[in-house]
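See structure below.
In our numbering, the protein residues as written are 6 to 300.
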């Protein structure tokens, strides 16, 4: 009986020791992740300050909208107005009364041709940054102002915000990467939102004629990189694209896809993923983008 009692006590002691070890390990892990979270929060706050230090320069926003997306496009216009941007809108169906002051035209048309008309109406004089956006997106982190400041801080000639994890996206490279502020890439998609910064606006605008919805124009933008144009994705600023890609222009889908394939083959790429590379990453906690010192 005594032997059984001793064994029972020993087992209780072992359980107690192991319990203390497990609790200690759990507390240590909790402390590590809490410390990491605080560090990331501080890094994000520092990034916000660094973006805020960038000069605010004249900017223009172009957008083609539909009545059904009145809520999201109104928010985009409000953010642009708060920054003092020039705004030019085109209504595909019914012009919205609240946006009448910014709406310069109405009626159907292909995306790139209509954007060229908006660009001509807005005027290119004194435009340092150009934003082109779809009407069905919303910011889930950051804002239009922060996107423009981030593009300046990163020295991106053409940039776009990252898609959040619930957004409708075309290519995986566009999705948000955790713990990163921005990435230097070989690719920026011409939608749902992108920013062009001088001196590259005149190299991008106006868009080539008869380019439909713009699929594949990013292959042409890749040719600007040897001239010094940096392409990048801002992970610190994220958007949600609510509509499936290509849903509203299904009749032209095959034409657009054929153009992409032709442009890729001309550059010796078999598929889009072969041309989409990440060249550098600005991590949270780093004072500046690593490519600023190397390029």
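Ideal placement from N, C-alpha and C gives every residue a C-beta, glycine not left out.
Check	Outcome
Pick from 139, 63, 78 that is closest to residue 249, judged by C-alpha positions	139
Pairwise C-alpha distance: residue 202 and residue 169	23 Å
Start-to-end residues for the beta strand (DSSP E) that takes in residue 134	134-138
Beta-carbon proximity check, residue 177 vs residue 142, cutoff 9 Å	no
Where residue 187 falls: helix, strand or coil (DSSP)	strand
As assigned by DSSP and simplified to three states, the class of residue 102	helix
9 Å Cβ cutoff met for residue 116 and residue 96	no
Those residues which DSSP pairs with residue 165 across a bridge	238
Residue 239 versus residue 167: straight-line alpha-carbon distance, rounded	6 Å
Status (buried if at least 16 other CB within 10 Å, exposed otherwise) for residue 246	buried
Rounded straight-line distance, which links the Cα of residue 269 to that of residue 154	32 Å
Three-state secondary structure (DSSP) of residue 73	helix
Residues that residue 142 bridges to, as DSSP identifies them	246
Cα-Cα separation between residue 88 and residue 174, rounded to whole angstroms	27 Å
Proximal residues to residue 136 (C-beta, below 6 Å), its chain only, five neighbours per side dropped	66, 200
Neighbourhood of residue 300 by C-beta, 6 Å cutoff - its chain only, sequence neighbours within 5 removed	At residue 300 the pLDDT is 44, less than 50, meaning the model places this residue with poor confidence; the figure from the coordinates comes in the next sentence. Hits under 6 Å: none found.
Under the three-state DSSP convention, the category residue 296 falls into	helix
Simplified DSSP assignment, three categories, for residue 117	helix
Rounded C-alpha distance that separates residue 152 from residue 189	15 Å
Cα-Cα separation between residue 164 and residue 205, rounded to whole angstroms	11 Å
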